[in-house]
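Enquirer:
Number of protein chains: 2
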Amino acid sequence: MDIAKLLTENTEFIDVYLAKNLETPEKELETLYSSMRYSALSGGKRIRPFLVAEFCRLFGGKAEAAVDFACAIEYVHASSLVHDDMPCMDNDELRRVKPTNHVVYGEDIALLCGDALITRGYEMAARNKNVSTEAALAATAMLLREAGAVGMMGGQEIDLLSEGKNPDFATLMKMHEKKTGALIKASCLLGTFAAGITDENDERYKAAVKYAYGIGLAFQIVDDILDVEGDAAVLGKATHADAALGKTTFLSFMSVAEARAYAEKLTAEATNAIAPYAGNETLTELANFLLTRKK
Amino acid sequence: MDIAKLLTENTEFIDVYLAKNLETPEKELETLYSSMRYSALSGGKRIRPFLVAEFCRLFGGKAEAAVDFACAIEYVHASSLVHDDMPCMDNDELRRVKPTNHVVYGEDIALLCGDALITRGYEMAARNKNVSTEAALAATAMLLREAGAVGMMGGQEIDLLSEGKNPDFATLMKMHEKKTGALIKASCLLGTFAAGITDENDERYKAAVKYAYGIGLAFQIVDDILDVEGDAAVLGKATHADAALGKTTFLSFMSVAEARAYAEKLTAEATNAIAPYAGNETLTELANFLLTRKK
Numbered sequence: 009m010d011i012a013k014l015l016t017e018n019t020e021f022i023d024v025y026l027a028k029n030l031e032t033p034e035k036e037l038e039t040l041y042s043s044m045r046y047s048a049l050s051g052g053k054r055i056r057p058f059l060v061a062e063f064c065r066l067f068g069g070k071a072e073a074a075v076d077f078a079c080a081i082e083y084v085h086a087s088s089l090v091h092d093d094m095p096c097m098d099n100d101e102l103r104r105v106k107p108t109n110h111v112v113y114g115e116d117i118a119l120l121c122g123d124a125l126i127t128r129g130y131e132m133a134a135r136n137k138n139v140s141t142e143a144a145l146a147a148t149a150m151l152l153r154e155a156g157a158v159g160m161m162g163g164q165e166i167d168l169l170s171e172g173k174n175p176d177f178a179t180l181m182k183m184h185e186k187k188t189g190a191l192i193k194a195s196c197l198l199g200t201f202a203a204g205i206t207d208e209n210d211e212r213y214k215a216a217v218k219y220a221y222g223i224g225l226a227f228q229i230v231d232d233i234l235d236v237e238g239d240a241a242v243l244g245k246a247t248h249a250d251a252a253l254g255k256t257t258f259l260s261f262m263s264v265a266e267a268r269a270y271a272e273k274l275t276a277e278a279t280n281a282i283a284p285y286a287g288n289e290t291l292t293e294l295a296n297f298l299l300t301r302k303k
Numbered sequence: 009m010d011i012a013k014l015l016t017e018n019t020e021f022i023d024v025y026l027a028k029n030l031e032t033p034e035k036e037l038e039t040l041y042s043s044m045r046y047s048a049l050s051g052g053k054r055i056r057p058f059l060v061a062e063f064c065r066l067f068g069g070k071a072e073a074a075v076d077f078a079c080a081i082e083y084v085h086a087s088s089l090v091h092d093d094m095p096c097m098d099n100d101e102l103r104r105v106k107p108t109n110h111v112v113y114g115e116d117i118a119l120l121c122g123d124a125l126i127t128r129g130y131e132m133a134a135r136n137k138n139v140s141t142e143a144a145l146a147a148t149a150m151l152l153r154e155a156g157a158v159g160m161m162g163g164q165e166i167d168l169l170s171e172g173k174n175p176d177f178a179t180l181m182k183m184h185e186k187k188t189g190a191l192i193k194a195s196c197l198l199g200t201f202a203a204g205i206t207d208e209n210d211e212r213y214k215a216a217v218k219y220a221y222g223i224g225l226a227f228q229i230v231d232d233i234l235d236v237e238g239d240a241a242v243l244g245k246a247t248h249a250d251a252a253l254g255k256t257t258f259l260s261f262m263s264v265a266e267a268r269a270y271a272e273k274l275t276a277e278a279t280n281a282i283a284p285y286a287g288n289e290t291l292t293e294l295a296n297f298l299l300t301r302k303k
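Each protein sequence line maps, in turn, to chains A and B. Numbering-wise, the first sequence is residues 9 to 303 according to the numbering used here. Numbering-wise, the second sequence is residues 9 to 303 according to the numbering used here.
1. Go through its chain and collect everything with a Cβ distance to residue 164 of chain B's Cβ below 7 Å, but skip five positions before and after it.
2. Pull up the distance between the alpha-carbon of residue 286 of chain B and that of residue 275 of chain B, whole angstroms please.
3. Got a sec? Which residues, its chain only, sit under 7 Å from residue 205 of chain B by beta carbon, not counting five neighbours each side?
4. What would DSSP say about residue 30 of chain B, mapped onto helix, strand or coil?
5. Between residue 40 of chain B and residue 96 of chain B, which are expected to be in contact by the criterion C-beta below 8 Å, what is the C-beta distance as a whole number of angstroms?
6. Just list the residues that DSSP pairs residue 3 of chain B with in beta bridges.
7. Taking all protein chains shown into account, do 16 or more other C-beta atoms lie within 10 angstroms of the C-beta of residue 85 of chain B, making it buried, or fewer, making it exposed?
8. Going along chain A, which residues have a C-beta under 8 Å from residue 207 of chain B?
9. Any residues in the segment 237-266 of chain B with a beta carbon nearer than 9 Å to a beta carbon of chain A? Which ones, in chain order?
10. Taking a Cβ distance cut-off of 9 Å, strictly less, list which residues of the segment 196-220 of chain A are near chain B, in chain order.
11. Hey, would you say residue 194 of chain B sits closer than 8 Å to residue 143 of chain B, going by beta carbons?
12. Quick one: is residue 136 of chain A buried, meaning 16 or more other Cβ sit within 10 Å of its Cβ, or exposed?
13. Classify residue 208 of chain A as helix, strand or coil using the three-state DSSP reduction.
14. Under 8 Å Cβ to Cβ from residue 289 of chain B, same chain only, skipping five residues before and after it: list those, please.
15. Judging by CA-CA distance, which residue of B:14, B:162, B:52, B:11 is the nearest neighbour of residue 244 of chain B?
16. Quick check on residue 177 of chain B: buried or exposed, where buried means 16 or more other Cβ atoms within 10 Å of its Cβ?
17. Using beta-carbon positions only, say whether residue 215 of chain A and residue 197 of chain A come within less than 8 Å of one another.
18. In or out: residue 162 of chain A buried (at least 16 other Cβ within 10 Å) or exposed?
19. According to DSSP, simplified to helix, strand and coil, what is residue 118 of chain A?
20. Nearest by alpha-carbon distance to residue 226 of chain A: which of A:202, A:237, A:184, A:13 is it?
21. Specify the secondary structure class of residue 259 of chain B as computed by DSSP and reduced to three states.
22. To the nearest angstrom, how far is it from the Cα of residue 93 of chain A to the Cα of residue 107 of chain A?
23. What are the residues of the segment 26-45 of chain A that lie near chain B, defined by any Cβ-Cβ distance shorter than 8 Å?
24. Are the beta-carbon atoms of residue 113 of chain B and residue 50 of chain B separated by less than 8 Å?
25. Work out the CA separation of residue 233 of chain B and residue 252 of chain A for me, nearest whole Å.
26. Between residue 148 of chain B and chain A, is any beta-carbon pair separated by less than 8 Å?
27. Using a Cβ-Cβ cut-off of less than 9 Å, list which residues of the segment 105-119 of chain B approach chain A; keep chain order.
28. Are the segment 263-281 of chain A and the segment 23-38 of chain B touching by the rule of at least three beta carbon pairs closer than 8 Å?
29. Going along the segment 128-146 of chain B in order, which residues come within less than 8 Å of chain A, judged by CB to CB distance?
30. Shortest alpha-carbon distance to residue 180 of chain A belongs to which of A:140, A:14, A:71, A:260?
31. Quick check on the DSSP output: the alpha helix (DSSP H) that includes residue 167 of chain B runs from which residue to which?
32. Would you tell me roughly how many angstroms separate the C-alpha atoms of residue 38 of chain B and residue 175 of chain B, rounded to the nearest one?
33. Which class does residue 85 of chain A belong to by DSSP, given the choice of helix, strand or coil?
34. Check the Cβ of residue 97 of chain B against every Cβ in chain A and list those closer than 9 Å, keeping chain order.
35. Which ranges does the alpha helix (DSSP H) cover as unbroken runs of at least 4 residues, wholly within the segment 14-76 of chain B, from first to last along the chain?
36. Against chain A, does residue 187 of chain B count as a neighbour if the rule is that its beta carbon must be under 8 Å from one of theirs?
Next up, the structure:
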């Protein structure tokens, strides 16, 4: 299986919908919509939409049921990047070799853009006509919880408050579980909901949550390892950035070998969770692809 | 009828729920939740929650069906104020005689706070257990549309881009219809949905939309008049601020007398729309109260 090729095909497929659902509806709103398209269509591997599509397929859902949910999660993710890049947050002027949103549109429009993108994301979930009313409502409520103050945004708060404070291991884990883990979980669950499974006691629901937990945390650990051992040319960014910023990472608590073993264990737990389900090969391959990535 | 007293009672009632639904769930999130409570509970007349409750009552809904929707709209409104006050937007340091959110918590937390408050608002709508699944989903989708890029946020974009540009009358109208009108409309419709009416062809649905349009626009016209003719001591803020900022208002296109007549006409259209429904007295009184207010 060529997972990189599948990811590329998925990106080409979903980017059409990501653009279509952000067409300017009134000429007075062109600047706002242009800024939304700029950040929603600025590249990236589209891992989250891929997870939505694959979990829907794994659990027997129709492909069209996943499309709106896939757009939803990507808009929410893109919104978080727009706000994260702003001067009062990370103050980044470049993302994926392009100027960040506020550099192009100004801080005021960038702030609105993030608000409007996340709202459009939630709306895509609520207006998914290819699932039942129950599934659309459950998916929307779940997405709102995972993105909000107890999820992604809470993780960002913990990250901000931890700066220069040497957080302990439990705090680091909680921060990552929320900051990046919550949207990974939401992605896998949106696919599960698209297949009509909304009961959290269902074994398939639990499997999606377990898989998300494993790959989400492993992804972060690999990030930390690449920052120390990666090739800057391959990564496309400078290494040893965490140390330069005095950031607490998994490597503040364990050796590279231990961290790698931990990421392998988490990946195995993730793939074991979905092993009982026929057609799990793509998601299994994805987990291993994320574990062994060089960038 | 003492509408001011009813508004005060409504505020006391809803503030309990506004606080309860923002209790800190994990100690690591205390700063974020504290900032959310700070702005959601910082006073105000709670007109929007009142509209939710009153339209629910007018159309025969149960009081408890309106509570979560009332919190939803107030959180969305509060979020917009937090982001509007930030340095890259209006750069306001005071709101209702208190330091604004970013002055107290810093810009980074204020940015997150606005994101988390609006997300919590949407979530309150999606998790309203006192209405049917259909009504909760319809209400959430409607709220997301009215708050988002084609609604409130679009109005903010038009406002930002109009600065110093002398927008024409049609642009001014569109800006107000979206910037403040969209959430007034959402408030009236949330009450209508709470009463189980979700069909936009229903006469009651149309009446709610008409009422919202009339009071929303009249409210803005009265604002513009008070800025010219109001008493700064009663208003609690300096008058002639619009002229000092070179802002285009209704008075850029008509005299004070014409503007007052226009606001009266809009208010009459609003109250006429709900006249057929028994129990409309409170909403009729509210429309007249907003028309004749001195602050």
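In this text, a Cβ means the ideal position worked out from N, Cα and C, and glycines have one as well.
Expert: Well, looking at it:
1. Result list for residue 164 of chain B: 187, in chain order.
2. Near 19 Å, if we compare the C-alpha coordinates of residue 275 of chain B and residue 286 of chain B.
3. The residues are 67, 212, 213.
4. Coil at residue 30 of chain B, not helix or strand.
5. Taking the Cβ atoms as the reference, residue 40 of chain B lies roughly 20 Å from residue 96 of chain B, outside the contact range of under 8 Å.
6. What the structure shows of chain B is the stretch from 9 to 303, and residue 3 of chain B is not part of that stretch, so it cannot be assessed.
7. Answer is buried; the Cβ neighbour count reaches 16.
8. Near residue 207 of chain B there are no residues of chain A at all, since even the closest Cβ is about 15 Å away, more than 8 Å.
9. Cβ contacts with chain A: none found.
10. Those residues of the segment 196-220 of chain A placed with their C-beta closer than 9 Å to a C-beta in chain B do not exist.
11. Their beta carbons are not under 8 Å apart, which means residue 194 of chain B does not touch residue 143 of chain B by this criterion.
12. The residue in question, residue 136 of chain A, is buried, as its Cβ has 16 or more Cβ neighbours within 10 Å.
13. Looking at residue 208 of chain A - three-state DSSP - the assignment turns out to be coil, as it is neither helix nor strand.
14. Non-local beta-carbon contacts of residue 289 of chain B in its own chain, meaning distances under 8 Å to residues more than five positions away in sequence, involve 9 in chain order.
15. Ranking the options by Cα distance to residue 244 of chain B, first place goes to B:52.
16. That one is exposed.
17. Cβ distance not < 8 Å, so residue 215 of chain A and residue 197 of chain A don't count as in contact.
18. Buried, by the Cβ-count rule.
19. Three-state DSSP puts residue 118 of chain A in a helix.
20. Just measuring C-alpha positions, the residue of A:202, A:237, A:184, A:13 sitting nearest residue 226 of chain A is A:184.
21. In this structure, residue 259 of chain B counts as helix in the three-state DSSP scheme.
22. When rounded, the separation of the alpha-carbon atoms in residue 93 of chain A and residue 107 of chain A is 10 Å.
23. If the cut-off is 8 Å between Cβ atoms, the segment 26-45 of chain A has 33, 34, 36, 37, 39, 40, 41, 44 near chain B.
24. At least 8 Å separates the beta-carbon of residue 113 of chain B from that of residue 50 of chain B.
25. Those two C-alpha atoms are separated by around 57 Å.
26. Judged by the 8 Å Cβ criterion, residue 148 of chain B is in contact with chain A.
27. Against chain A - using a Cβ distance shorter than 9 Å - the residues of the segment 105-119 of chain B are 110, 114, 115, 116, 117, 118, 119.
28. Judged by pairs of C-beta atoms under 8 Å, the segment 263-281 of chain A does not touch the segment 23-38 of chain B, as fewer than three such pairs exist.
29. The segment 128-146 of chain B vs chain A, Cβ under 8 Å: 128, 130, 131, 134, 135, 141, 142, 144, 145.
30. Taking only the C-alpha atoms, the option nearest residue 180 of chain A is A:260.
31. Start and end: 160-170.
32. A straight-line Cα-Cα distance of about 43 Å links residue 38 of chain B and residue 175 of chain B.
33. Correct three-state label for residue 85 of chain A: helix.
34. Within 9 Å Cβ-Cβ: 115, 116, 119, 120.
35. The segment 14-76 of chain B contains these whole alpha helix (DSSP H) runs: 38-48, 55-66.
36. Taking Cβ atoms only, chain A never reaches closer than 8 Å to residue 187 of chain B, which makes this a no.
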